[in-house]
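Numbers -33 to -1, 1 to 867, taken from mature numbering (1 follows the signal peptide of the UniProt record, and there is no 0), label the letters of the sequence shown in order. Note that beta-carbon positions come from the ideal geometry of N, C-alpha and C, so glycine has one too.
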Amino acid sequence: MWANVSKTLSIVDRSWLLLLTLLICLQLNGSLADEESQDFQKNIPARLVWAALGRTVDLPCDLTPPTPQDSVKLLLWFKDTTGIPLYSLDSRGGNVKLAPHAAIASDLGQRLFFSIGDNPKDSRLQINDVKPEDGGVYRCRIDFFNSPTRNFRHNLTLVVPPEEPRIFDAQGKEISQMAGPFREGYELFLCCQVKGGRPPPKVTWWRDDIELIGTSHTSVEEGATVMVNQLLIGTTTRDYYGTRIECRAQGTRLVEPVTKDVTVQVHLKPVRVKIITPNDLLTAGHPVPIRCESWGSYPAAKIAWLLDGEPIRNAEVTVHNDKEDANITTSTLTLKVTSENDNAELTCRATNPWFSGGAIEDKRIIRVAYPPTVSVHLANEDPSRVVTRAEGQNVTFKCRADARPPVTSYSWFKNGMRMSGESTEIMHLTQLERESAGAYACGATNTEGETRSSSLTLKVQFSPRCKPGTEQTSIGAINMHSIQVKCEVDADPPESVRFSWTYNNTRNVSPVLNSRIQSNGLTSTVTYLPQTDSELITLACWASNAVGRQTTPCQVHILPANPPEAPKACELRNDTVLEVVCVAGSDGGLSQYFMLEVVGGDLLYASETAAAGLPRGQFGESIDNEISTLNDQATSAPIFRMQENSPQFRLNNLEPGREYQFLVYAVNAKGRSEPPVVIERVRVAAQLGPYDESILSEDPTPAETTHHGGSGSAGGGGAGGNGNAVGNVGTGASIGNGPEKQASTLLILAAVVAIGAVIVTSIIVAGIVVVCRHRPRPPEPQEVRKSMRPARNDVPSMYIEEDELNELEEGGGRAAEIRARVAPPTSHLCGPGGGGSVMGAGVGTTGPSSGGPIVGLGVAGPHHYISESFIQYAQPSLNDPDLILPRGELEFTTLDPTLK
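(1) When the Cα atoms are used, what is the spatial distance from Pro52 to Trp44?
(2) Of all the beta strand (DSSP E) runs that stay within the bounds of the stretch 46 to 76, which reach a length of 3 or more residues?
(3) Over the uninterrupted beta strand (DSSP E) stretch that includes Glu538, give me the two end residues.
(4) Given Met447, which residues of its chain have a CB within under 8 angstroms of its CB, disregarding the five upstream and five downstream residues?
(5) Helix, strand or coil for Ser403, going by three-state DSSP, please let me know.
(6) Are the beta-carbon atoms of Leu563 and Met609 separated by less than 7 angstroms?
(7) In or out: Phe119 buried (at least 16 other Cβ within 10 Å) or exposed?
(8) Given a cut-off of 7 angstroms on the beta-carbon distance, is the pair Arg22 and Val127 in contact?
(9) Is Phe364 buried or exposed, if buried means 16 or more other CB atoms sit within 10 Å of its CB?
(10) At which residues does the beta strand (DSSP E) containing Val255 begin and terminate?
(11) List the endpoints of the continuous beta strand (DSSP E) containing Thr492.
(12) How should Ile370 be labelled, buried or exposed, when 16 other C-beta atoms within 10 angstroms of its C-beta is the threshold for buried?
(13) On the DSSP bridge list, what partners appear for Met386?
(14) From this set, Ala536, Pro338, Leu399 and Phe629, which residue's C-alpha is nearest Val374's C-alpha?
(15) What are the start and end residues of each continuous beta strand (DSSP E) run of 3 or more residues lying completely inside the stretch 181 to 242, in chain order?
(16) Might you give, ordered along the chain, the residues of its own chain that have their beta carbon closer than 8 angstroms to the beta carbon of Ala528, omitting 5 neighbours on each side?
(17) For Asn288 and Gln217, what's the separation of their Cα atoms in angstroms?
(18) Out of Trp173, Thr219 and Pro460, point me to the one whose CA is closest to Glu213's CA.
(19) Would you grab the beta carbon distance between Leu630 and Val645 for me? Rounded to a whole angstrom, and I think it's under 8 angstroms.
(20) Take Thr340 and list the residues in its own chain whose beta-carbon comes closer than 6 angstroms to its own, dropping the five residues that flank it on each side.
(21) Closest to Ala404 by C-alpha separation, out of Gln360, Pro435, Asn413 and Glu389, would be which residue?
(22) Kindly examine the ligand FMN and report whether one of its heavy atoms sits closer than 6 angstroms to the Cβ of Thr116.
(23) So, are the CB atoms of Pro256 and Thr299 less than 7 angstroms apart?
(24) Counting pairs of Cβ atoms below 8 angstroms between the stretch 506 to 520 and the stretch 534 to 547, do you hit three or more?
(25) Taking all protein chains shown into account, decide if Val732 is buried (16 or more other Cβ within 10 angstroms of its Cβ) or exposed.
(26) Does Met394 pass the burial test, meaning 16 or more other C-beta atoms within 10 Å, or should it be called exposed?
(27) Can you check which of these residues, Met386, Glu328 and Gly324, is closest to Leu313 by C-alpha distance?
(28) I'd like the span of the beta strand (DSSP E) that includes Thr285, first residue to last.
(29) Count the other C-beta atoms from every protein chain shown that fall within 10 angstroms of the C-beta of Leu30, then say buried if there are 16 or more, exposed otherwise.
(30) Just tell me which of Val39, Asp459, Gly102 and Pro148 has its CA closest to the CA of Pro87.
(31) What separation, rounded to the nearest whole angstrom, lies between the Cα atoms of Glu560 and Pro530?
(32) Mind checking Met194: buried by the 16 CB within 10 Å criterion, or exposed?
(33) As a quick exercise: from Phe111, Asp37, Leu539 and Gln77, pick the residue whose alpha carbon is nearest that of Asp57.
(34) Alpha carbons only, please: which of Pro614, Ser482 and Val566 is nearest the one belonging to Val649?
(35) Can you say whether Leu714 is buried or exposed, counting buried as having 16 or more other CB atoms within 10 angstroms of its CB?
(36) The beta strand (DSSP E) that contains Lys269, what's its start and end?
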């Protein structure tokens, strides 16, 4: 019998060897073509990218797959000719946005990050804090599941700033700070030279952020390229005085331009000269200072005084140059006039010695006078300084003035402010109003100046009127709950104010009894008791005093009170502390306050998961108990509540790393707003840096979203029951690179499967016969153990040379596989209670390509176990990541509670 079995196995080995040889030949044919394509892409022209030291630069890498059905499998970044990847992104396990990132353990690796945009074309590698050694050629390599590898090359070139610009004048003398002096009306010439820089800089002239047009050319000095720009202004205008002209050199916008600026010094002609005196009339025999100012001259103008065309001798003259404005020169002449000087011509002359024939003059005729003396009275000559009138009455004021020369104009003032439209000695005020009250004064003007009188006070008494803002008010009321309705007015005189109220409903208007009215000065209060919740009431308040009765009442509308509106426009703020800020809605007619409730977001999420009917535990264990427990917690009281008078809440000491839900209400005596404002899934992250701040996220981060492949199915037969699959199905990997290769590969696989099925069936039959003849004693039950996934160093590292990585890919896309060996059964396979198939296979596919299988491991029967040696791993290929088990611990469980 054993001889027959050995013969059968020998035939099987020869069949497998033949099939394996055919598969290797087919795969090598496709790998050679792929290698030629990859070598071509490695040598594609590099795109020039400029980078500045200390800045951040982006190297784009388009992740768009060639076909919509394809997706990115692996992304690698290389620098220069080294085969060691600088950066990798392994998306063989699923979504590329959730794929793990890895960078080389170096200074450059710590400054790299690959950013995946919403559009795959916007994906890019970011290099932070660029350093001189970062320059070079970078290559982005993208491997797809079903398409050829794609490469992008970028030549990262560092910007070298040019030297500081040098500025020269027309004589070739270098200027450090001050250019000139130039004269107003003459030409201005400057030359700027800039040496070095990569890329070559553009040299320009600027004034007040406005570019000046110059002439540019290039020269060579001591073997270095020098950029030159010459600025020529034909006529120098006054506005160039004191301005700064800047020479700017900039090769790229990545760095700030290198600049040098100088201040332009311009000699200016005097623009204006003016005699400034306290008056036009002088008093004989009294010394009078007379000032003359000159504007616009630089350097300071020289000022000379003349009287009737002759220089003034033996007079005191003081010259002052304004430090804040160097263009102003002031000369003060102390002049003592006599009667002979009446109608004499006084001249002030200003000149600049840098300009010939540029003198300007100001002339004035000397006269003698005194300013007006002014007082204000009532037209009837009443000497009272306080005048009282009632609203609607009239009053007339008169201004008296004594002046030499005569008064030229009158003016009137109220509370210190000039009144428009009043320019005569008589002022009439008619139909006085409350606003007419105030302090009135008059002013008179002659050539000596303007004089204002002392004030006369006018008081205007008026009838009552509503205090501003209380003309129309509303109050919310609750049935059978009394409320106090208040009315406030302004009135003069305030001592004699009396109040009355009227009651107006939808049917009639009635007076309110005086016994129900309480008045105190300018305030009156009525107590009102609502009889129903729906009746609309208006209370009108009337007041009167000695002047008259109020013309328009103050109205208070009594409305049925309602619960408040929910707060609006709620938002989270995280400046220095976590805040929830909303806008208050209507208060429903009653005073309101605001409440915030904090609920644990993880509890709510668990209950939502249970309600959505999500799948049970991955390995056969139910998670219903956990969800049920969380549901109980989710319906319990909030973690805490906060109450504020305004809808602003400051939250402290929330647990980091946990999700919360915020509920915001407005509350008054009628209840609270419904539904509440809900802010869901607020996450408080751990503290970053030395500051005590919370980082918020209203949505779970990608790392918290779990993605699973489909479950592999296990088939098992026999009286003992079916095996259960516990392996997750990975994403499918394509076999071959095109339709013809896929078809041929599928045919070969079908043939292999058919032959293998025949061979396996023969082996099983032979084994059953042997086992039935030899019934061994069953071993003791053993504990079902956990098998951990092997360490990552069992698979190709991202730091191997690229040539080795290509060899792995050319090897036929080996898939990771799980081999299983059946442990000795606890009961005879032929006896009663024997289990079904020990192993069930589950196959997952993604898209049109057929994927590699993941073997789902099942339990043969209630008395079988899986030993730790049951699971073996083969090294996976980087081109076939769909056969690599998910990261983390792989746990095997049994449905039989007796297996412990």
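According to the structure data:
(1) Sequence index remark: in the sequence shown, residue 52 carries index 85 (1-based). Sequence index remark: in the sequence shown, residue 44 carries index 77 (1-based). Approximately 5 angstroms, taken between the alpha carbons.
(2) Here the runs fully enclosed are 54 to 57 and 68 to 70.
(3) Your numbering for residue 538 matches position 571 in the sequence shown. Counted as a single uninterrupted DSSP element, the beta strand (DSSP E) harbouring Glu538 occupies residues Lys535 to Asn541.
(4) Counting from 1 along the sequence shown, the entry for residue 447 is found at position 480. Correct list, in chain order: Leu496, Pro497 and Gln498.
(5) To locate residue 403, count along the sequence shown from 1; it is residue 436. For Ser403, the secondary structure class from DSSP, reduced to helix, strand or coil, is helix.
(6) Start at 1 with the first residue of the sequence shown, and residue 563 comes out as number 596. Start at 1 with the first residue of the sequence shown, and residue 609 comes out as number 642. Cβ distance < 7 angstroms, so Leu563 and Met609 count as in contact.
(7) Numbered from 1 along the sequence shown, position 152 holds the residue referred to as residue 119. By the neighbour-count definition (other C-beta atoms within 10 Å, threshold 16), Phe119 is a buried residue.
(8) Residue 22 sits at position 55 when you count from the first residue of the sequence shown. Residue 127 sits at position 160 when you count from the first residue of the sequence shown. In this structure, Arg22 lies away from Val127, with their beta-carbon atoms at least 7 angstroms apart.
(9) Sequence index remark: in the sequence shown, residue 364 carries index 397 (1-based). Its Cβ being crowded by 16 or more others within 10 Å, Phe364 is buried.
(10) As a working note, residue 255 is residue 288 in the sequence shown. That run of the beta strand (DSSP E) goes Pro254 to Trp262.
(11) Here residue 492 refers to the residue found at position 525 when the sequence shown is read from its first residue. Thr492 -> beta strand (DSSP E) spans Thr490 to Tyr495.
(12) On the sequence shown, position 403 is the one that residue 370 refers to. The identity of residue 370 in the sequence shown is Ala, whereas the question assumes Ile. Flag for Ala370 reads buried.
(13) Within the sequence shown, numbered from 1, the residue matching residue 386 stands at position 419. Partner residues in a beta bridge of Met386, as assigned by DSSP, do not exist.
(14) The residue you call residue 374 lines up with position 407 of the sequence shown. Taking only the C-alpha atoms, the option nearest Val374 is Pro338.
(15) Restricted to the stretch 181 to 242, the beta strand (DSSP E) segments that are unbroken, complete and at least 3 residues in length are 182 to 188, 191 to 200, 211 to 217 and 225 to 234, listed in chain order.
(16) Within the sequence shown, numbered from 1, the residue matching residue 528 stands at position 561. Around Ala528: Gly443, Ala444, Ile445, Gly555, Gly556, Leu557, Asn635, Ala636 and Lys637.
(17) In the sequence shown, the residue the question calls residue 288 occupies position 321. In the sequence shown, the residue the question calls residue 217 occupies position 250. Near 42 angstroms, if we compare the C-alpha coordinates of Gln217 and Asn288.
(18) Taking the first residue of the sequence shown as position 1, residue 213 is located at position 246. Taking each of Trp173, Thr219 and Pro460 in turn and checking the Cα distance to Glu213, the smallest one comes out for Trp173.
(19) In the sequence shown, counting from the first residue as 1, residue 630 sits at position 663. In the sequence shown, counting from the first residue as 1, residue 645 sits at position 678. Contact flag correct, Cβ pair sits at about 6 angstroms.
(20) Here residue 340 corresponds to residue number 373 of the sequence shown, with the count starting at 1. Take Thr340, set aside five residues on each side of it, and the residues of its chain with a beta-carbon closer than 6 angstroms to its own are Asp369, in chain order.
(21) Here the question's residue 404 lines up with position 437 in the sequence shown. Ranking Gln360, Pro435, Asn413 and Glu389 by Cα distance to Ala404 puts Gln360 first.
(22) Ligands displayed in this structure: none; no statement on the ligand FMN is therefore possible.
(23) For the purposes of this step, residue 256 is identified with residue 289 of the sequence shown, where counting begins at 1. For the purposes of this step, residue 299 is identified with residue 332 of the sequence shown, where counting begins at 1. Closer than 7 angstroms, so yes.
(24) Segment contact: the stretch 506 to 520 against the stretch 534 to 547, fewer than three CB-CB distances shorter than 8 angstroms; contact not assigned.
(25) The sequence position of residue 732 within the sequence shown is 765, counting from 1. When all chains shown are included, Val732 counts as exposed.
(26) Start at 1 with the first residue of the sequence shown, and residue 394 comes out as number 427. With at least 16 other beta carbons inside 10 angstroms of its own, Met394 counts as buried.
(27) Mapped onto the sequence shown, residue 313 falls at position 346. The shortest C-alpha separation from Leu313 is found at Glu328.
(28) In the sequence shown, residue 285 corresponds to position 318, counting from 1. Segment Glu283 to Asn288, the beta strand (DSSP E) holding Thr285.
(29) To locate residue 30, count along the sequence shown from 1; it is residue 63. With 16 or more other Cβ atoms within 10 Å, it is buried.
(30) As a working note, residue 87 is residue 120 in the sequence shown. Measuring from the Cα of Pro87, the nearest candidate turns out to be Val39.
(31) On the sequence shown, residue 560 is found 593 positions in, with the first residue counted as 1. On the sequence shown, residue 530 is found 563 positions in, with the first residue counted as 1. The sequence shown places Tyr at residue 560, rather than the Glu named in the question. Tyr560 and Pro530: Cα-Cα distance of roughly 11 angstroms.
(32) For the purposes of this step, residue 194 is identified with residue 227 of the sequence shown, where counting begins at 1. Within a 10 Å sphere around the beta-carbon of Met194 sit 16 or more other beta-carbons, which makes this residue buried.
(33) Taking the sequence shown and counting its residues from 1, one reaches residue 57 at position 90. Considering only alpha carbons, the answer is Phe111.
(34) Start at 1 with the first residue of the sequence shown, and residue 649 comes out as number 682. Answer by Cα proximity: Val566.
(35) By 1-based counting over the sequence shown, the position of residue 714 is 747. So Leu714 ends up on the exposed side.
(36) Position 302 of the sequence shown, counted from the start, is the residue given in the question as residue 269. First-last of the beta strand (DSSP E) with Lys269: Lys269 to Leu274.
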